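Novice: Note that the working numbering has the sequence shown beginning at 313, numbered continuously upward.
Dropping a structure here in structure tokens format, bear with me for questions.
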Amino acid sequence: MKLSQIISKLNILTAPLCDPEISDIIYDSRKVTPGTAFVALKGYAADGHRFAESAVEKGASALVISDSLDFEVPGNVAVVKVDDTRLALALMSAEFFGNPARKLKTVAVTGTKGKTTTAAMTAEIFEQAGIKTGTIGTLGIVYGGKTYKTDNTTPESYEIQKAMRDMINAGCGAMVIEASSIGLKHSRLAGTVFDVGIFTNFSNDHIGGVEHRDMEEYLYCKSLLFRQVKHAAANIDDPKWQEVTKDFDGRVKTFGFSPDADLTAKNDRLLSENGFIGVHFETEGSKTLSLDVGVPGKFNAYNALAAISAVSYFGVPDKAIIDGLRAARVKGRVEPVRVPGNYSLLIDYAHNALSMENVLTTLRRYKPHRLITMFGAGGNRPKVRRYEMGETSGRLSDLSVITEDNSRFEDVMDIIEDIKTGIDKTGGKYVVVPKRKDAIRYCMQNAQDGDIIVLAGKGHEDYQEIKGVKYHMDERELIAEIIEEMK
Numbered sequence: 313m314k315l316s317q318i319i320s321k322l323n324i325l326t327a328p329l330c331d332p333e334i335s336d337i338i339y340d341s342r343k344v345t346p347g348t349a350f351v352a353l354k355g356y357a358a359d360g361h362r363f364a365e366s367a368v369e370k371g372a373s374a375l376v377i378s379d380s381l382d383f384e385v386p387g388n389v390a391v392v393k394v395d396d397t398r399l400a401l402a403l404m405s406a407e408f409f410g411n412p413a414r415k416l417k418t419v420a421v422t423g424t425k426g427k428t429t430t431a432a433m434t435a436e437i438f439e440q441a442g443i444k445t446g447t448i449g450t451l452g453i454v455y456g457g458k459t460y461k462t463d464n465t466t467p468e469s470y471e472i473q474k475a476m477r478d479m480i481n482a483g484c485g486a487m488v489i490e491a492s493s494i495g496l497k498h499s500r501l502a503g504t505v506f507d508v509g510i511f512t513n514f515s516n517d518h519i520g521g522v523e524h525r526d527m528e529e530y531l532y533c534k535s536l537l538f539r540q541v542k543h544a545a546a547n548i549d550d551p552k553w554q555e556v557t558k559d560f561d562g563r564v565k566t567f568g569f570s571p572d573a574d575l576t577a578k579n580d581r582l583l584s585e586n587g588f589i590g591v592h593f594e595t596e597g598s599k600t601l602s603l604d605v606g607v608p609g610k611f612n613a614y615n616a617l618a619a620i621s622a623v624s625y626f627g628v629p630d631k632a633i634i635d636g637l638r639a640a641r642v643k644g645r646v647e648p649v650r651v652p653g654n655y656s657l658l659i660d661y662a663h664n665a666l667s668m669e670n671v672l673t674t675l676r677r678y679k680p681h682r683l684i685t686m687f688g689a690g691g692n693r694p695k696v697r698r699y700e701m702g703e704t705s706g707r708l709s710d711l712s713v714i715t716e717d718n719s720r721f722e723d724v725m726d727i728i729e730d731i732k733t734g735i736d737k738t739g740g741k742y743v744v745v746p747k748r749k750d751a752i753r754y755c756m757q758n759a760q761d762g763d764i765i766v767l768a769g770k771g772h773e774d775y776q777e778i779k780g781v782k783y784h785m786d787e788r789e790l791i792a793e794i795i796e797e798m799k
């Protein structure tokens, strides 16, 4: 593709003197190959302009910059100067991949909490309606039964545009993306007009360091999504919903438990039967439905309302909504795993005291016969985290099963002793089973009717890090192996 076509949407300060054919767009100088365009991004730790000369030496045909360069650029290399190279990368990537969002049903979800779950619910509803769907977010880029890992909740714009093109090639008709405040701040979503933008909620997070300087900036960055969506829906029960959506040019549809919402939830209750743990509620207003959601906790009714609001713009049948919400699962987030026996086994990513408190408090409300928590703690991390996790599990669990996690360069038994220090403060019951597979087996072999067992800490991770080496380890596979062995 000619450079002139790729940069056609940019606000160019200095135009290039030649128009080379471009084979790819690169923003990591180490990946430059002959015929590529190198975009010099300014990061937290490095400035891409420092590597522009190296990019030329490796054969880059074009440089996209925002600062002056301190070397003589050969005449056959096009130089494009812009105000903002991150914005340029987003707009260039959209053009390079043929503006793939225009060929997909697109939903972008922003908010402090609930993005991953709402995205998973929305995607499952689309799938139940016969629309193959990809997702981009915390769990990576997911489509066609495969997961491609990413470094950020909202990846760099090039990865987003490429992923959408790959989804189309794989037969997808829809894409749901988690729009993080950092991703919006750094223009990773620029160049795309989404069909629907969803706001879940707003609370204190991501303040300080290299993220946001204060709550005002954090809120502002979330609001940026609603400048680039055709339709918008927001949680009316969150006091910030109007401020977040103030720049949307149209009427925002609302959802929540408030009777003033366009889509109102009512008659909610917790469900726990035959291994199914979730929440039931009904809706009125724009849709009248009776729903069972397969993810525990009343707060997931809000995520379900968000997903219903998202798909309602596409005429998705009510049956697909009902079936999709019952079937929806979020990998590693209170994810149920089928087991023989009248108890519930869940996998969750909770790996600190706060996330553990949230999960165990939610599950306590289901009044299990016993709440059993299996967990470890990461090595080469602050010891206080282990004490706090031990104390939290000791206080909220009927039984803690202490085991290994990513021990890294520490001895597993030293980590376990620290966890025990926290549990001992509470007088909570515990057993120590150092090997994780053995600990899972212990939980399953000793499960009683009505128990809820949480395997905490690994969640969606599929590895175990020991002495600097990552070994493959997926708890779902371990559970399947144990079931076979127990036969």
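All residues carry an ideal CB built from backbone N, CA and C; glycine is no exception.
Just so you know, these numbers come straight off a predicted model, no measurement behind them.
On the three-state DSSP scale, how would you describe Met-487?
Specialist: Judged by DSSP in its simplified three-state form, Met-487 adopts strand.
Novice: Kindly provide the ranges of any beta strand (DSSP E) runs that are 3 or more residues long and lie completely inside the segment 327 to 359, ordered along the chain.
Specialist: 349 to 351
Novice: Please identify the residue among Lys-444, Phe-506, Gly-495 whose C-alpha is closest to the C-alpha of Gly-483.
Specialist: Cα-wise, what sits closest to Gly-483 is Lys-444.
Novice: Threshold first: 3 residues or longer. Then list the beta strand (DSSP E) segments lying entirely within the segment 638 to 682, N to C.
Specialist: 647 to 649, 656 to 660
Novice: Where Val-724 and Ser-712 are concerned, what is the direct C-alpha to C-alpha distance, given to the nearest angstrom?
Specialist: The alpha-carbon atoms of Val-724 and Ser-712 are separated by roughly 16 Å.
Novice: With C-beta atoms as the reference, is Thr-715 less than 8 Å away from Pro-694?
Specialist: Contact flag unset, no.
Novice: When DSSP builds the beta bridges, which residues end up paired with Arg-720?
Specialist: Ile-778
Novice: Could you check how far apart the C-beta atoms of Ala-613 and Phe-593 are, in whole angstroms? I think they sit under 8 Å.
Specialist: 5 Å
Novice: Buried or exposed, going by whether 16 or more other CB atoms sit within 10 Å of the CB of Ala-432?
Specialist: buried
Novice: Within 8 Å, do at least three Cβ pairs link the segment 770 to 784 to the segment 642 to 659?
Specialist: yes
Novice: On the premise that Met-313 lies in contact with Thr-418, defined as a C-beta separation below 8 Å, what is that separation, rounded to the nearest angstrom?
Specialist: 23 Å between Cβ atoms; not a contact.
Novice: Does DSSP classify Ala-374 as helix, strand or coil?
Specialist: strand
Novice: One question on the structure: do Gly-734 and Tyr-699 come within less than 8 Å of each other, judged by their Cβ atoms?
Specialist: yes
Novice: Measuring alpha carbon to alpha carbon, tell me which residue in Ser-515, Lys-542, His-543, Ala-545 is nearest Tyr-532.
Specialist: The shortest C-alpha separation from Tyr-532 is found at Ser-515.
Novice: Going by DSSP, which residues form a beta bridge with Asp-478?
Specialist: None; Asp-478 has no bridge partner.
Novice: Does the structure place the segment 579 to 590 close enough to the segment 645 to 662 that three or more beta carbon pairs sit under 8 Å?
Specialist: Cβ pair count under 8 Å is three or more, so yes.
Novice: Go ahead and label Leu-329 buried or exposed: buried means 16 or more other beta carbons lie within 10 angstroms of its beta carbon, across all protein chains shown.
Specialist: exposed
Novice: Leaving aside the five residues before and after Ser-570 along the sequence, list all residues of the same chain whose C-beta is less than 8 Å from its C-beta, in chain order.
Specialist: Answer for Ser-570: Ile-548, Asp-549, Thr-576, listed in chain order.
Novice: Check whether the Cβ atoms of Val-376 and Val-389 lie closer than 8 Å to each other.
Specialist: no
Novice: Would you call the segment 403 to 416 and the segment 459 to 474 touching, i.e. three or more CB-CB distances under 8 Å?
Specialist: yes
Novice: CB-CB under 8 Å to Leu-790, same chain, minus the five flanking residues each way: which ones, in chain order?
Specialist: Arg-748, Lys-749, Ile-752
Novice: Can you check the segment 542 to 584 for any beta strand (DSSP E) of at least 3 residues that lies completely inside it and give the ranges in chain order?
Specialist: If we require 3 residues or more, the beta strand (DSSP E) runs fully inside the segment 542 to 584 come out as 565 to 568.
Novice: I want to know whether the segment 622 to 631 touches the segment 662 to 682 - three or more CB-CB distances under 8 Å.
Specialist: no
Novice: Could you check the C-alpha separation between Asp-660 and Thr-450 for me, to the nearest Å?
Specialist: Cα to Cα, Asp-660 sits roughly 14 Å from Thr-450.
Novice: For the beta strand (DSSP E) that Tyr-625 lies in, which residues bound it at each end?
Specialist: Tyr-625 -> no beta strand (DSSP E), and no H or E assigned at all.
Novice: Which term fits Val-454, buried or exposed, when burial requires 16 or more other beta carbons within 10 angstroms of its beta carbon?
Specialist: Looking at its Cβ environment, which holds 16 or more other Cβ atoms inside 10 Å, Val-454 is buried.
Novice: Please name the residue, chosen from Ala-364, Trp-553, Ala-622, that lies closest to Pro-386 on a Cα-to-Cα basis.
Specialist: Taking only the C-alpha atoms, the option nearest Pro-386 is Ala-364.
Novice: Taking the runs of the beta strand (DSSP E) that are 3 residues or longer, which of them lie wholly in the segment 707 to 755?
Specialist: 711 to 714, 742 to 744
Novice: Tell me where the beta strand (DSSP E) around Ser-602 begins and ends.
Specialist: Note, Ser-602: beta strand (DSSP E), 601 to 605.
Novice: Just to confirm, are Gln-757 and Tyr-655 a CB contact at a threshold of 8 Å?
Specialist: no
Novice: To the nearest angstrom, report how far apart Ala-792 and Lys-799 are at their CA atoms.
Specialist: 11 Å
Novice: I'd like to know whether the C-beta atoms of Thr-430 and Thr-512 end up nearer to each other than 8 Å.
Specialist: Yes. Within cutoff.
Novice: Have a look at Leu-501, Glu-585, Gly-456 and flag the residue whose alpha-carbon is nearest the alpha-carbon of Ala-420.
Specialist: Leu-501
Novice: What residues are listed by DSSP as bridge partners for Leu-802?
Specialist: Limits of the chain in this structure are 313 at one end and 799 at the other, which puts residue 802 out of reach.
Novice: Skipping 5 residues on each side, what residues in its chain have a beta carbon closer than 7 Å to that of Asp-395?
Specialist: Asn-323, Leu-325, Ser-378
Novice: What residue range is occupied by the uninterrupted alpha helix (DSSP H) comprising Lys-415?
Specialist: That residue, Lys-415, is in no alpha helix (DSSP H); it is neither H nor E in DSSP.
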